[in-house]
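Position one of the sequence shown corresponds to residue 1 (the UniProt record's numbering), numbered consecutively onward. Where is the CB? At the ideal position from N, CA and C, for every residue including glycine. Report on the structure given below.
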Amino acid sequence: MVRRKKKFSCGHKGFGRICHKCIQANAVIEQKQKLKRDWEVSFDRDSIDLRNLPKNVVLKSRYIIQQLAKEPNYRQFRGKRLRHNRFVISIPINRSYRLLCRDRGQSLSPEAVVSHEDYNVVKPGRI
Ligand SMILES: [Zn+2]
Numbered sequence: 001m002v003r004r005k006k007k008f009s010c011g012h013k014g015f016g017r018i019c020h021k022c023i024q025a026n027a028v029i030e031q032k033q034k035l036k037r038d039w040e041v042s043f044d045r046d047s048i049d050l051r052n053l054p055k056n057v058v059l060k061s062r063y064i065i066q067q068l069a070k071e072p073n074y075r076q077f078r079g080k081r082l083r084h085n086r087f088v089i090s091i092p093i094n095r096s097y098r099l100l101c102r103d104r105g106q107s108l109s110p111e112a113v114v115s116h117e118d119y120n121v122v123k124p125g126r127i
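This is the structure:
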């Protein structure tokens with residue numbers, strides 16, 4: 001018996017009882033939704049709020065925070081102490097963002113990731 005393609009209610013054509021094109025499309029959508037949920041949930045595990053930052057800034061911040069927790073050597077990330085507050089260390093994430101950390105003596109505690117504009121506010125008198 002020759003199998004013939006039939007038209008499903010969704011408009012696709014194919015064999016069998018259900019439309020495999022739609023099943024596949026749904027799987028892709030569900031996978032995307034899962035990735036989006038996982039991404040949103042991942043912020044709950046951060047020690048500081050990294051929401052609303054560009055994805056590459058989030059990932060790089062997480063990496064640097066992780067490394068600093070192991071070894072508080074901020075100089076390897078080109079971090080510098082603020083001139084007007086020596087207990088605050090500013091680490092460049094990229095051209096637009098900085099990670100600010102507080103020097104706790106034996107360790108560094110991440111405080112915030114700030115954009116260049118915010119940064120100039122916390123760093124008066126210098127651009
Ligand atoms: Zn279909």
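By the criterion of a C-beta distance shorter than 7 Å, Lys5 is surrounded in its chain by Lys13, Gly14, Phe15, once the five residues flanking it on both sides are discounted. Distances between the C-beta of Phe8 and the heavy atoms of ligand 1 include at least one below 8 Å. With a threshold of 8 Å, the Cβ atom of His116 does not count as near ligand 1, since no heavy atom of the ligand is closer than that. In summary, Ser47 is exposed, with fewer than 16 beta-carbon neighbours lying within 10 Å of its beta-carbon over all protein chains present. In the DSSP assignment, the residues bridged to Ile89 are Arg81, Cys101.
Contact between Arg98 and Pro92 holds: their C-beta atoms lie close to 6 Å from each other, under 8 Å. Relative to the non-hydrogen atoms of ligand 1, the Cβ of Cys19 comes within a distance shorter than 8 Å of at least one.
Burial check for Pro54: the Cβ neighbour count within 10 Å stays below 16, so the residue is exposed. The C-alpha of Ser61 is placed about 14 Å away from the C-alpha of Leu108. The DSSP-derived three-state label of Glu71 is coil. In the DSSP assignment, Leu108 falls within the unbroken beta strand (DSSP E) covering 108-115.
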